[in-house]
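As given, the protein sequences belong to chains S and F, one line each in that order.
Going by the working numbering, the first sequence opens with residue 1, and the numbers climb by one from there.
Going by the working numbering, the second sequence opens with residue 1001, and the numbers climb by one from there.
For reference, the structure is listed below as structure tokens.
Number of protein chains: 2
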Amino acid sequence: MVQNGQITIHDIARRTGLSKGTVDRVLHDRGGVSRKSKEKVMAAIQELGYEPNVYASLLAKKEKPLIAVLIPKHEPDSFWELAASGIDKSAESIGAIGVDTLHFEYDQYDLDSFRTTCAKLLDANPSGVVIAPMFQEATEGLTQELHKRDIPYVFIDSKPETDGCLAYFGMPLYKSGYLCGDLLTGGQPVQNVLIVRIRRDRYQQSDPTINRRAGFMDYMLEHSPDCVLSNVFIDPNEPDKIEGTLSAWFEDHPQVRHIVMFNSRIHLIVPWLESHPDPKRRVVGFDNLKANMEALQRGIVTSLIAQRPDEQVRLAIEALTEFILFRKLPARKDNYMHMDILTRYNAEYY
Amino acid sequence: MVQNGQITIHDIARRTGLSKGTVDRVLHDRGGVSRKSKEKVMAAIQELGYEPNVYASLLAKKEKPLIAVLIPKHEPDSFWELAASGIDKSAESIGAIGVDTLHFEYDQYDLDSFRTTCAKLLDANPSGVVIAPMFQEATEGLTQELHKRDIPYVFIDSKPETDGCLAYFGMPLYKSGYLCGDLLTGGQPVQNVLIVRIRRDRYQQSDPTINRRAGFMDYMLEHSPDCVLSNVFIDPNEPDKIEGTLSAWFEDHPQVRHIVMFNSRIHLIVPWLESHPDPKRRVVGFDNLKANMEALQRGIVTSLIAQRPDEQVRLAIEALTEFILFRKLPARKDNYMHMDILTRYNAEYY
DNA sequence: ATTATTTCCGTTACCGTGCACGATGATTAA
DNA sequence: TTAATCATCGTGCACGGTAACGGAAATAAT
Chain S
1 MVQNGQITIH
11 DIARRTGLSK
21 GTVDRVLHDR
31 GGVSRKSKEK
41 VMAAIQELGY
51 EPNVYASLLA
61 KKEKPLIAVL
71 IPKHEPDSFW
81 ELAASGIDKS
91 AESIGAIGVD
101 TLHFEYDQYD
111 LDSFRTTCAK
121 LLDANPSGVV
131 IAPMFQEATE
141 GLTQELHKRD
151 IPYVFIDSKP
161 ETDGCLAYFG
171 MPLYKSGYLC
181 GDLLTGGQPV
191 QNVLIVRIRR
201 DRYQQSDPTI
211 NRRAGFMDYM
221 LEHSPDCVLS
231 NVFIDPNEPD
241 KIEGTLSAWF
251 EDHPQVRHIV
261 MFNSRIHLIV
271 PWLESHPDPK
281 RRVVGFDNLK
291 ANMEALQRGI
301 VTSLIAQRPD
311 EQVRLAIEAL
321 TEFILFRKLP
331 ARKDNYMHMD
341 ILTRYNAEYY
Chain F
1001 MVQNGQITIH
1011 DIARRTGLSK
1021 GTVDRVLHDR
1031 GGVSRKSKEK
1041 VMAAIQELGY
1051 EPNVYASLLA
1061 KKEKPLIAVL
1071 IPKHEPDSFW
1081 ELAASGIDKS
1091 AESIGAIGVD
1101 TLHFEYDQYD
1111 LDSFRTTCAK
1121 LLDANPSGVV
1131 IAPMFQEATE
1141 GLTQELHKRD
1151 IPYVFIDSKP
1161 ETDGCLAYFG
1171 MPLYKSGYLC
1181 GDLLTGGQPV
1191 QNVLIVRIRR
1201 DRYQQSDPTI
1211 NRRAGFMDYM
1221 LEHSPDCVLS
1231 NVFIDPNEPD
1241 KIEGTLSAWF
1251 EDHPQVRHIV
1261 MFNSRIHLIV
1271 PWLESHPDPK
1281 RRVVGFDNLK
1291 ANMEALQRGI
1301 VTSLIAQRPD
1311 EQVRLAIEAL
1321 TEFILFRKLP
1331 ARKDNYMHMD
1341 ILTRYNAEYY
């Protein structure tokens, strides 16, 4: 440990001939200080190089900041579960420095659920909020209220076009589609590609796969202009039918050996892939769900593109904490996360 | 913010009919407490779920933990510079919670320099140390002294076989070589590979490339048993000669289009690669040095394997901080970092 | 001129722990 | 029996900062 001849507010009080109460007032801009005194204090702070003692401050305030996290409800092995576990992890570490965390989860297919969850969140009166938005308008309603109450918030995953948020952490969706094209083709021209898609619920508001598909299309246009792209739709609610659907399709297109999905559900087609092995096939999907990782390590899936959802939330929570505790703004407002390329050879330590 | 009905030592003092002095004594095992009192206090702590207030404790002790970091001295765009910048970043964030950080840098080719730097480090009397070891024996001398003084330490990058360190954060070297094989060959059998090597200084103690090469060899043995592996040595101290060396070699082996280096200096051969373009060539190297990244984005280098040195040190410092402040042991002792695969399509956001 | 407001600032009681100091009663030595 | 020793414990100040409270002086209102 280190002995610290720290400069305290007493020092600068003595130096200015004022009391520590006044010093505290200018430190926190609480008003009620004459211009002259304020200037003297500021000067002394500069000269002596005063830095507040975080411990003493936190102790005296005897308050714990609360960070609320608003994410979609999730099934066991899903993208949002990865995010949630990331929340728990960083909740632990910031809990150590005296910051509490609270999850709020809404049904991403139910606007009402989102609304009521927002209300609950506001009731908890958090000092900061992490938002994974799904419903454009309702989110705006929330952020307006947060603004009114002067509560900072950050977005993760996706974000409204313009917004007064503190920061945003997410994946570059278009680019991830582009990268996906490179991984699927291995950089070589390709004749046929099958895109497996999920019939979206009509209530679904935001769809990241649209941007990914766009990036993918552009890659293919540039590198394999003659490639035929086919689409097959499957229904995650009827997993039994998936194998049949795929088998039927491949009956007509036996030559297709490049398969891609732009959502996190590549694991849905793994049973079919396993029962129809082809060593030359290439399969690319997204996100490090457990089921996906297993398929990757068994060689069924060629590559996954992952975005470290846990790190996304960690950074989001960290940025929020720094702002709440120390009023420190994040270095960048828009933070695009690195896209991790996972293969069977580097999956082990992810 | 949230009001916290925290349990304090007063509460457990009142509950046991003792004074806070006594409670403090059992909390810190300072002796001078009867068996009966001690038991009563322990019981009350259990029942009420007492958790010490870190802020108050740190404030009262009026000490700031100091974390010392011991790494090799480094040139501008080198691996250890990446690590150093990671240190600065996390120093900032833990600085916010009142933890200081201090660099100590030694000449990795000079044992004496390591020794004197260790001495300086010990003089600073840190509460925890992060070590990037290069000299086996001298490192042991340091850790023994740290043990004596009861100072926790963690290793990064590499570590001695057996040691009482708190944790270790590093890259799985052998596996990274194996992965490297897959990236270089694209999973397809290959006829010829050129390994560009650096003539090591004879004083160099640890050489991560040995393990990487081993992993690479095994991959090739399994996937391209007939492949011819050639070695060419270059000297980083005479960059002017590199182009000549390579040109001379390729005169005799024009058919070789797979090139790999197992250290972070792939950028050294970039000038030659640029002046002898070949669209079908594949080049793989290690680490996200600026020069390497540029070559990657220009398409000169096919892939890089990076290990996020900044995250390595962040995790190391974080583990140390948690232990120093809260006596919390890290979840795992050996932490192998994820190997990042970088291509021109995902390099942008790294 | 007197009273009522402001403006500005010092005082003070905390926040929860750490630790030195001294007090108390019990035990032992003289 | 008296003095000295010891085990055991309570008291009180310190750490640096926060913010409520109230007082003095300056200004405004009557």
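Note that beta-carbon positions come from the ideal geometry of N, C-alpha and C, so glycine has one too.
Keep in mind it's a predicted model, so treat the numbers as computed, not measured.
Check                                                                                                                                                                  : Outcome
Closer than 8 Å, Cβ to Cβ, to anything on chain S: give me those residues from the stretch 1085-1116 of chain F, in chain order.                                       : S1093, A1096, I1097, G1098 and D1100
Whose CA, out of S/T245, S/L59 and S/D207, lies closest to the CA of S/A132?                                                                                           : S/D207
Let me check understanding here. Comparing Cα to Cα, which of S/V54, S/S247 and S/D11 lies closest to S/E322?                                                          : S/V54
State the DSSP-derived secondary structure class of S/V130, mapped to helix, strand or coil.                                                                           : strand
How many Å lie between S/L48 and S/G17 at the Cα?                                                                                                                      : 15 Å
Where do the N-terminal and C-terminal ends of the alpha helix (DSSP H) with S/T101 fall, by residue?                                                                  : Taken as a continuous stretch (DSSP letters only), S/T101 belongs to no alpha helix (DSSP H), being part of the beta strand (DSSP E) at D100 to Y106.
Could you check the C-alpha separation between F/K1333 and F/F1135 for me, to the nearest Å?                                                                           : 21 Å
Secondary structure at S/N335, three-state DSSP: helix, strand or coil?                                                                                                : strand
At least one CB of chain F closer than 8 Å to the CB of S/T185: is that the case?                                                                                      : no
Can you round the beta-carbon distance between S/L194 and S/I242 to whole angstroms, since I take them to be within the 8 Å contact cut?                               : S/L194 to S/I242, Cβ: 13 Å. No contact.
Quick check: is the beta carbon of F/P1172 nearer than 8 Å to any beta carbon in chain S?                                                                              : yes
I need the DSSP call for S/K280, collapsed to helix, strand or coil.                                                                                                   : coil
Based on DSSP bridge pairs, tell me the residues matched to F/G1170.                                                                                                   : F/Y1336
Checking contacts by CB at 8 Å: is S/F79 closer than that to chain F?                                                                                                  : no
Are F/A1068 and F/F1114 touching if we call contact CB-CB under 8 Å?                                                                                                   : no
Where in the stretch 1009-1047 of chain F do unbroken runs of the beta strand (DSSP E), each at least 3 residues long, occur, reported from the N-terminal end onward? : none
Where does F/V1301 fall in DSSP's three states?                                                                                                                        : coil
Taking 8 Å as the threshold (C-beta atoms), are S/F233 and S/C376 in contact?                                                                                          : This structure cannot speak to residue 376 of chain S, because chain S is shown only from 1 to 350.
Am I right that S/D310 and S/S78 are in contact with their C-beta atoms under 8 Å? What's the rounded C-beta distance?                                                 : Incorrect: roughly 14 Å between the Cβ atoms, too far for contact.
I want to verify the contact list: residues of chain S whose CB lies under 7 Å from the CB of F/N1211, in sequence order.                                              : Those within 7 Å of F/N1211 in chain S number zero; the least Cβ separation is about 15 Å.
Leaving out five residues before and five after S/R281 in sequence, what residues of the same chain have Cβ atoms less than 6 Å from its Cβ?                           : R257
Taking C-beta to C-beta, are F/V1154 and F/L1070 nearer than 8 Å?                                                                                                      : no
Using DSSP with H/G/I as helix, E/B as strand and the rest coil, what is F/G1095?                                                                                      : helix
Which bits of chain S does F/T1343 rub up against, with CB to CB less than 8 Å?                                                                                        : L179, D182 and I341
Given F/A1347, which residues of its chain have a CB within under 7 Å of its CB, disregarding the five upstream and five downstream residues?                          : M1293, L1296 and Q1297
With a threshold of 8 Å between beta carbons, is S/V260 in contact with chain F?                                                                                       : no
Which partner residues of F/S1230 appear in the DSSP bridge assignment?                                                                                                : F/L1194
When DSSP builds the beta bridges, which residues end up paired with F/Y1153?                                                                                          : F/V1129
What are the start and end residues of the alpha helix (DSSP H) that includes S/I71?                                                                                   : Not the alpha helix (DSSP H): S/I71 falls in the beta strand (DSSP E), residues L66 to P72.
Over the uninterrupted alpha helix (DSSP H) stretch that includes F/I1317, give me the two end residues.                                                               : P1309 to F1326
Does F/L1142 pass the burial test, meaning 16 or more other C-beta atoms within 10 Å, or should it be called exposed?                                                  : buried
Looking only at DSSP bridge pairs, what is S/L356 linked to?                                                                                                           : Coverage of chain S is limited to positions 1 through 350, which leaves residue 356 of chain S absent and any answer about it impossible.
Please list the partners that S/M337 has in chain F, where partner means a Cβ-to-Cβ separation under 9 Å.                                                              : Y1349
For a cutoff of 8 Å on Cβ pairs, would you count S/F155 as touching chain F?                                                                                           : no
In the DSSP assignment, what residue or residues form a beta bridge with S/H147?                                                                                       : Answer is none; S/H147 lacks a bridge partner.
Inspect the beta-carbon positions of S/D287 and S/A316 and report whether they are closer than 8 Å.                                                                    : no
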